[in-house]
Amino acid sequence: IDSRNLLRDLVLVFQIFPASRQLPSRFRNATLLDDIDRFTPSITSRTYHFRRTVTLCEQVIRCAPEEKIWDALYVLVTESTPPPRLPSSLQQTPWLRNTSSFANSTGHRNYVDNVAR
Numbered sequence: 001i002d003s004r005n006l007l008r009d010l011v012l013v014f015q016i017f018p019a020s021r022q023l024p025s026r027f028r029n030a031t032l033l034d035d036i037d038r039f040t041p042s043i044t045s046r047t048y049h050f051r052r053t054v055t056l057c058e059q060v061i062r063c064a065p066e067e068k069i070w071d072a073l074y075v076l077v078t079e080s081t082p083p084p085r086l087p088s089s090l091q092q093t094p095w096l097r098n099t100s101s102f103a104n105s106t107g108h109r110n111y112v113d114n115v116a117r
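For the sequence shown, UniProt numbering gives the first residue as 1, with consecutive numbering after it.
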């Protein structure tokens with residue numbers, strides 16, 4: 001069994017616990033379960049760094065107190081899943097309007113007139 005499958009199995013175990021549906025997300029109006037769901041696909045990414053999972057795995061293997069295990073899970077899934085960015089309504093709108101630009105110049109209008117003829 002490869003490390004990706006082991007990590008996926010470990011994360012799936014946390015999804016089963018009712019606490020994952022009750023604990024709040026650290027950065028949005030959701031639950032830890034939502035964060036876990038967003039994190040899970042990243043495990044299969046070729047760029048995923050398994051070093052990030054070391055703390056959680058160590059806590060589980062050492063049978064650490066539940067609080068430490070849940071804290072390690074929080075850190076893992078919130079590091080890997082940044083909060084969604086709000087779409088900007090101004091992404092395609094220029095910040096400045098420059099009436100002296102080439103598009104508004106006499107030279108441009110003359111060029112367009114010649115091409116249109």
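Even for Gly, the Cβ is constructed at its ideal location relative to N, Cα and C.
Looking only at C-alpha atoms, which of the options sits nearest to residue i?
i: Asn5; options: Thr53, Ser20 and Cys63; result: Thr53
i: Asp37; options: Cys63, Leu12 and Pro65; result: Leu12
i: Trp70; options: Asp35, Thr47 and Ser45; result: Asp35
Rounded to a whole number of angstroms, what is the C-alpha to C-alpha distance between residue i and residue j?
i: Ala72; j: Ala19; result: 14 Å
i: Lys68; j: Val75; result: 11 Å
i: Glu58; j: Arg28; result: 27 Å
i: Phe17; j: Tyr48; result: 25 Å
I think residue i touches residue j, with their Cβ atoms under 8 Å apart; what is that distance to the nearest whole Å?
i: Arg26; j: Thr78; result: 5 Å
i: Arg8; j: Ile61; result: Contact doesn't hold; Cβ gap of about 17 Å is too wide.
i: Leu23; j: Leu32; result: 4 Å
i: Phe39; j: Ser3; result: No, Phe39 and Ser3 are not in contact; Cβ-Cβ is about 15 Å, not under 8 Å.
Quick one: using the 10 Å Cβ neighbour count with 16 as the cut-off for buried, is residue i buried or exposed?
i: Gln15; result: exposed
Taking DSSP's pairing of strands, which residues face residue i in a bridge?
i: Thr31; result: Pro24
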